[in-house]
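Chemist: Using numbering that gives the first Met the number 0, the first residue of the sequence shown is number 0, and each one after it goes up by one.
All C-beta atoms in this analysis are idealised placements derived from N, C-alpha and C, irrespective of residue type, glycine included.
In this text, all values refer to a predicted model and were calculated from it rather than measured experimentally.
Once you've had a glance at the structure underneath, I'll fire off some questions.
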Amino acid sequence: MLERGEIANSWRRERWDSLRLLTPNWQSRLPGYCYDGVDPDGFMTMAEVVEFVSRFADVAAAPVRTQTTVTSVTRTETGYRVATDRGDLECRCLVLASGACNLPSVPAFQQEVPTSIERFTPISYRNPDQLPEGGVLIVGASATGVQLASEIHRSGRPVTLSVGEHVRLPRTYRGRDVLWWMEASGIWNQRYDEIEDIARARGLPSPQLVGTPERATLDLNALTATGVTLVGRLSTVRDGRALFSGGLRNQFALADLKMDRLLDSFDEWARVYARETDVDPVERFEPTRVPVSSPLHLDFGTGQVRSIIWATGYRPDYSWLDVPVLDRKGHLRHDGGVVDAPGLYAIGLPLLRRRKSTFIHGAEDDARDVVEHLAGYLANPTADSDRSG
Ligand SMILES: Cc1cc2nc3c(=O)[nH]c(=O)nc-3n(C[C@H](O)[C@H](O)[C@H](O)COP(=O)(O)OP(=O)(O)OC[C@H]3O[C@@H](n4cnc5c(N)ncnc54)[C@H](O)[C@@H]3O)c2cc1C
Numbered sequence: 000m001l002e003r004g005e006i007a008n009s010w011r012r013e014r015w016d017s018l019r020l021l022t023p024n025w026q027s028r029l030p031g032y033c034y035d036g037v038d039p040d041g042f043m044t045m046a047e048v049v050e051f052v053s054r055f056a057d058v059a060a061a062p063v064r065t066q067t068t069v070t071s072v073t074r075t076e077t078g079y080r081v082a083t084d085r086g087d088l089e090c091r092c093l094v095l096a097s098g099a100c101n102l103p104s105v106p107a108f109q110q111e112v113p114t115s116i117e118r119f120t121p122i123s124y125r126n127p128d129q130l131p132e133g134g135v136l137i138v139g140a141s142a143t144g145v146q147l148a149s150e151i152h153r154s155g156r157p158v159t160l161s162v163g164e165h166v167r168l169p170r171t172y173r174g175r176d177v178l179w180w181m182e183a184s185g186i187w188n189q190r191y192d193e194i195e196d197i198a199r200a201r202g203l204p205s206p207q208l209v210g211t212p213e214r215a216t217l218d219l220n221a222l223t224a225t226g227v228t229l230v231g232r233l234s235t236v237r238d239g240r241a242l243f244s245g246g247l248r249n250q251f252a253l254a255d256l257k258m259d260r261l262l263d264s265f266d267e268w269a270r271v272y273a274r275e276t277d278v279d280p281v282e283r284f285e286p287t288r289v290p291v292s293s294p295l296h297l298d299f300g301t302g303q304v305r306s307i308i309w310a311t312g313y314r315p316d317y318s319w320l321d322v323p324v325l326d327r328k329g330h331l332r333h334d335g336g337v338v339d340a341p342g343l344y345a346i347g348l349p350l351l352r353r354r355k356s357t358f359i360h361g362a363e364d365d366a367r368d369v370v371e372h373l374a375g376y377l378a379n380p381t382a383d384s385d386r387s388g
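Now the structure itself:
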């Protein structure tokens, strides 16, 4: 295993200071290893995640070569040549486990933002002290955007949050963590080949969730109640102005509808599997409140906003992968982690094989399936095996 930094590098180097996992401690599991602390319903800080992953590496006795950056991967007759800054390796099979969130995914029109506005991404942002005094525009209202909006607003800076398609979830539902429901009702386990539009499902934004000791819900209603201003999706930046689309009401209605459908499915599961006595009565939540008016543009020249944070998602970095396995959009061509090149595999990508693949606890089942296919390939590399395993 080659790692350019240290074990748990992304949690050490690429996260903001206050971040906690949004998955509860009881859900933090890796193969043969799970959380065994005193607070199963709590949410790990980054220092705790680093400790958790590092302890797993010790327990698993994984042969990790740290401080070794892969600089290129090329095909050979028998497999792959992996060039690193500490020498080359040859292998018959290769598993790409380099992460799904190496780079911020930022729209091209970011270049049009005037240089007087300081720019951040969730990878460069650490805490509000980095930001200039004054207003902040946060683009994107998924897990990262809502969490940063809340923290930065509490620092005393006026926050404008640009909201596009989003996934609304309450932190708790009928007395249980919403992710307990996702797991118990089997939604996390839904397989990639059972999902109708897998490309769309893989691109869905992360849910509006935060892990706090209070188990608070952090939806748009919670944010506007504290004074955060909502605007529509940022459609472009032109002539020193940010232009927002006007469909907030529709965005909200859609997210509320989808949340209610999900809660309906939880209720149905509780009824069918006679779990009604384990949970509190059915709840429904106030629809997302639509602002009386929301600006359609913001003039960067007025000084109203001094910094911008692109919370518009992440993407993997495959700049070192010299094997033609990326599609036109730069996505890896794979079928459940079996990449479109012999002996090449991937793990740790959104919805790789199951809905839970995106999360730490999704790695175990995915790894078992991917390794099974890989072992079959090593045993018989010329067989035209079922690519998905
Ligand atoms: C902001 C944020 C919050 C998240 N919150 C949660 C959460 O609450 N719960 C949860 O379960 N999941 C969460 N996730 C998802 C989480 O990141 C994944 O579940 C998990 O980290 C995936 O692990 P991984 O090892 O596949 O990828 P990563 O953790 O990204 O690890 C990939 C490793 O590959 C190394 N690497 C990359 N390129 C190279 C190279 N060229 N050469 C050598 N090494 C390289 C990197 O240094 C890194 O250490 C979150 C993700 C983000 C971005």
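#1: Less than 8 Å separating the Cβ of Y79 from some heavy atom of ligand 1?
#2: Under 8 Å by Cβ, that's how I've got L21 and L208 pegged, so tell me the actual separation to the nearest angstrom.
#3: Out of R173, L297, R232, which one is the CA nearest neighbour of E275?
#4: For my contact list, V289 and R248 are in at a C-beta cut-off of 8 Å; report their separation, rounded to the angstrom.
#5: Taking 6 Å as the limit between beta carbons, can you name the residues of its chain near W15, skipping five residues before and five after?
#6: Just to confirm the assignment, what range does the beta strand (DSSP E) spanning S71 have?
#7: How many Å lie between L203 and T44 at the Cα?
#8: Could you check if R283 is buried or exposed, using at least 16 other CB atoms within 10 Å of its CB as the buried criterion?
#9: May I have the straight-line CA-CA distance separating A221 from A378, to the nearest angstrom?
#10: Determine the closest residue to P169 out of L261, E2, D365, L325, with distance taken between C-alpha atoms.
#11: Give me whichever residues DSSP pairs with S27 in a beta bridge.
#12: Quick check: what's the CA-CA separation for S159 versus T143?
#13: Would you kindly work out how many angstroms separate the C-alpha atoms of P121 and G139, rounded to a whole number?
#14: Beta carbon of L88: closer than 8 Å to some heavy atom of ligand 1?
#15: Report yes if the CB atom of F358 is closer than 9 Å to the CB atom of Q26, and no otherwise.
#16: Pull the bridge partners of R190 from the DSSP assignment, please.
#17: Of all Cβ atoms in chain C, is any one closer than 9 Å to the Cβ of R199?
#18: Comparing alpha-carbon positions, which option in A340, L178, A241 lies nearest T216?
#19: List the whole-angstrom C-beta distance separating L325 from R332, where the pair is believed to meet the contact cut-off of C-beta under 8 Å.
#20: Buried or exposed for M0, please, with buried defined as at least 16 other CB atoms from any protein chain shown within 10 angstroms of its CB.
#21: Flag this pair as touching only if the region 61-76 and the region 298-313 have three or more C-beta atom pairs under 8 Å; answer yes or no.
#22: Can you tell which of D266, V69, D218 has its C-alpha closest to the C-alpha of G185?
#23: Would L147 pass as a contact of R305 if the rule is Cβ separation under 9 Å?
#24: Between G239 and P113, which are expected to be in contact by the criterion C-beta below 8 Å, what is the C-beta distance as a whole number of angstroms?
#25: Give me the Cβ distance between G98 and G347, rounded to the nearest whole Å; I'm assuming they're in contact under 8 Å.
#26: Take the Cβ of G388 as the centre, count every other Cβ of all protein chains shown within 10 Å, and call the residue buried at 16 or more, exposed below.
#27: Helix, strand or coil for G388? Go by DSSP, reduced to three states.
#28: Taking buried to mean at least 16 other C-beta atoms within 10 Å of its own C-beta, is H296 buried or exposed?
#29: According to DSSP, is F55 part of a helix, a strand, or is it coil?
#30: Considering only residues of the same chain and omitting the five flanking positions on each side of A254, which have a CB-CB separation below 6 Å?
#31: My assumption, with CB atoms under 8 Å, is that V72 sits in contact with W319. Please give the rounded CB distance.
#32: Put P106 into one of helix, strand or coil per three-state DSSP.
#33: For Q110, does the count of other Cβ atoms within 10 angstroms reach 16, so buried, or fall short, so exposed?
#34: Does the beta-carbon of I137, which I'm using as the reference point, lie nearer than 8 Å to any heavy atom of ligand 1?
#35: What are the residues that DSSP puts in a beta bridge with S244?
Modeler: Straight from the coordinates:
#1: At a cut-off of 8 Å, the beta-carbon of Y79 does not count as near ligand 1: no heavy atom of the ligand is closer than that.
#2: Yes, they are in contact, since the Cβ atoms of L21 and L208 sit about 4 Å apart, within 8 Å.
#3: Selection R173, L297, R232 evaluated against E275 yields R173 as nearest (Cα-Cα).
#4: Taking C-beta atoms under 8 Å as the contact rule, V289 and R248 qualify, at a distance of about 5 Å.
#5: A distance below 6 Å between beta-carbons, with the five flanking residues on each side excluded, links W15 to the following residues of its chain, in chain order: Y124, R125.
#6: Its beta strand (DSSP E) spans residues 69-74.
#7: Each residue's Cα considered, the two are about 25 Å apart.
#8: The residue in question, R283, is exposed, as its Cβ has fewer than 16 Cβ neighbours within 10 Å.
#9: Distance between the alpha carbons of A221 and A378: 55 Å.
#10: Per the Cα distances, L261.
#11: Per DSSP, S27 has no beta-bridge partner at all.
#12: Here the sequence assigns Thr to residue 159, which means Ser is not the residue at that position. Linking T159 to T143 through their CA atoms gives a straight-line distance of about 14 Å.
#13: Each residue's alpha carbon lies about 11 Å from the other.
#14: Within the chosen limit of 8 Å, ligand 1 does not reach the beta carbon of L88 with any heavy atom.
#15: At the C-beta level, F358 and Q26 come within 9 Å of one another.
#16: Answer is R353.
#17: In the displayed structure, chain C is absent; only one protein chain is listed.
#18: It is L178.
#19: For L325 against R332, the beta-carbon gap comes to about 7 Å, under 8 Å, which counts as contact.
#20: Residue burial is scored here from C-beta neighbours: M0 has fewer than 16 other C-beta atoms within 10 angstroms and is therefore classed as exposed.
#21: They do not touch, by the three-pair rule.
#22: Looking only at D266, V69, D218, the smallest Cα-Cα distance to G185 is reached by D266.
#23: No, Cβ-Cβ distance for L147 and R305 is not below 9 Å.
#24: The beta-carbon distance between G239 and P113, rounded to whole angstroms, is 5 Å. This is short enough to meet the 8 Å contact definition.
#25: Contact flag correct, Cβ pair sits at about 6 Å.
#26: Bear in mind that the predicted position of G388 carries a pLDDT of just 49, short of 50, making it unreliable; the figure below should be weighed with that in mind. Result: buried.
#27: Confidence in G388 is poor, its pLDDT being 49 and thus under 50, which makes the residue's placement too unreliable to answer from.
#28: With fewer than 16 other Cβ atoms within 10 Å, it is exposed.
#29: Residue state, collapsed to three classes: helix.
#30: Taken in chain order, the residues that qualify are H165, R167.
#31: Rounded to whole angstroms, the Cβ separation of V72 and W319 is 6 Å, and the two are in contact under 8 Å.
#32: P106 falls in the coil class under three-state DSSP.
#33: Using a 10 angstroms sphere on the CB of Q110, the tally of other CB atoms stays under 16, which defines it as exposed.
#34: Relative to ligand 1, I137 has its C-beta separated by 8 Å or more from all heavy atoms.
#35: DSSP, once it has assigned bridges, lists no residue as partnering S244.
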